[in-house]
Amino acid sequence: VNKGDELEITENEHSLVISIVEKKVCTRTVIDVSGLNASLVWRYLTAAYIKGIEDIDIRFSGTEIFNPRTKKMVKTVEYIGDVVASLIGMEMVRYGENFCVVKEISEVKRDEFETVLKRLFFTVTTFAEDVAKSVNEHNLRTLRNSVQLEKTVNRLCLFCLRALNKGIFSNPVEIAAYNSVVSMLEEIADVYAQVCVSGGKIMKSGELISVSLLVKGLYNIFYNFNRPECARFYDLCNDLKYKAGKKSVM
Numbered sequence: 013v014n015k016g017d018e019l020e021i022t023e024n025e026h027s028l029v030i031s032i033v034e035k036k037v038c039t040r041t042v043i044d045v046s047g048l049n050a051s052l053v054w055r056y057l058t059a060a061y062i063k064g065i066e067d068i069d070i071r072f073s074g075t076e077i078f079n080p081r082t083k084k085m086v087k088t089v090e091y092i093g094d095v096v097a098s099l100i101g102m103e104m105v106r107y108g109e110n111f112c113v114v115k116e117i118s119e120v121k122r123d124e125f126e127t128v129l130k131r132l133f134f135t136v137t138t139f140a141e142d143v144a145k146s147v148n149e150h151n152l153r154t155l156r157n158s159v160q161l162e163k164t165v166n167r168l169c170l171f172c173l174r175a176l177n178k179g180i181f182s183n184p185v186e187i188a189a190y191n192s193v194v195s196m197l198e199e200i201a202d203v204y205a206q207v208c209v210s211g212g213k214i215m216k217s218g219e220l221i222s223v224s225l226l227v228k229g230l231y232n233i234f235y236n237f238n239r240p241e242c243a244r245f246y247d248l249c250n251d252l253k254y255k256a257g258k259k260s261v262m
């Protein structure tokens, strides 16, 4: 142990394990997005972000790129700027005719990760409740507006995945568990976004209310685990699967 090292204390059955938190060295990368459409540019940039890269040099050949979602051409630099704006802790610091540079402006810390993860849980829970309420009240305007919450969920998920790759945890089991939780929350939000886009046609009001209770139960179990709540969550899952005509949970 050297001066300045960050130590992590973890509980292992009846003992405490003290270990040095190894900071992963993520420096600079060059990404050439020439010839790619907007969706692929988004995937390239978010992949580098999740990996933990701190300095991204982006090269491109055209001033405009095609956006498959809007079916329109968009300004390359403006689109990249919009993507970067959704990446927490990153900023475009320089750009030219055929390049731009994105850099990390704030270091990822464990306490920040925990705060963002809790906000992620809360946002998904709110998303579930809002969608269920809108469908139950046949409020299509509010329902379609609720889809904006998916963007917030995506931003928070990307940050959490990046933080896990930046070495804030040293226990591989812990990292894998958090990765699973974050990915699951993102998938839940994706389904609710589909419900919003469909105008509530792909799920019934009663089903959405039941699922929203499950999402809330998941939040409670994660942050305040207790056996009665876990048993209640299990029963809710089985009841919903039974109503959907599927086999019960093992």
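Going by our numbering, the first residue of the sequence shown is number 13, and it counts up by one from there. No residue lacks a Cβ here, since even glycine has one placed at the ideal position from N, Cα and C. From a predicted model like this one, the values you see are computed outputs, not experimental measurements.
Next on the checklist: At the level of alpha carbons, what is the spacing between Lys-228 and Ile-180?
Outcome noted: A straight line joining the alpha-carbon of Lys-228 with that of Ile-180 spans about 27 Å.
Checklist entry - Skipping 5 residues on each side, what residues in its chain have a beta carbon closer than 8 Å to that of Leu-226? => result Cβ neighbours of Leu-226 beyond the five flanking positions: Phe-245, Leu-248, Cys-249, Leu-252.
Next on the checklist: If contacts are defined as beta-carbon pairs under 8 Å, then Thr-58 and Leu-132 qualify, I think. What distance do you get, rounded to the angstrom?
Outcome noted: Between Leu-132 and Thr-58 the Cβ distance is about 16 Å, and since that is not below 8 Å, they are no contact.
Item to check | Tyr-190 versus Lys-121: straight-line alpha-carbon distance, rounded | outcome: Each residue's alpha carbon lies about 15 Å from the other.
Checklist entry - How about Thr-137 and Thr-164: do their beta carbons lie closer than 7 Å? => result With respect to Thr-164, Thr-137 sits apart: the two C-beta atoms are not nearer than 7 Å.
Checklist entry - For Leu-176, which beta-bridge partners are listed by DSSP? => result Partner(s): none; Leu-176 has no beta bridge.
Checklist entry - The beta strand (DSSP E) spanning Glu-116 covers which residue range? => result In the DSSP assignment, Glu-116 falls within the beta strand (DSSP E) that extends over 111-116.
Checklist entry - How big is the Cα-Cα spacing for Gln-206 and Leu-28? => result The straight-line gap from Cα to Cα measures roughly 45 Å.
Item to check | Span separating the alpha-carbon of Val-128 from that of Tyr-61 | outcome: Each residue's Cα considered, the two are about 16 Å apart.
Checklist entry - Using DSSP with H/G/I as helix, E/B as strand and the rest coil, what is Asn-238? => result Asn-238: coil per DSSP, three-state reduction.
Next on the checklist: For the region 106-120 against the region 192-199, do three or more pairs of beta-carbon atoms, one drawn from each stretch, fall closer than 8 Å, so that the two count as touching?
Outcome noted: With the cut-off at 8 Å, the region 106-120 and the region 192-199 do not touch.
Next on the checklist: Suppose the cutoff is 8 Å on Cβ atoms and the five residues either side in sequence are ignored; what does the same chain contact list for Arg-167 look like?
Outcome noted: Here the set comprises Ser-98, Leu-99, Ile-100.
Next on the checklist: Using 8 Å as the cut-off, can you tell me whether the region 208-220 makes contact with the region 61-73, which would need three or more C-beta pairs spanning the two stretches below that distance?
Outcome noted: The region 208-220 and the region 61-73 do not touch, with fewer than 3 CB-CB distances between them shorter than 8 Å.
Checklist entry - Do the CB positions of Tyr-56 and Val-45 come within less than 7 Å of each other? => result Note that the C-beta distance between Tyr-56 and Val-45 is below 7 Å.
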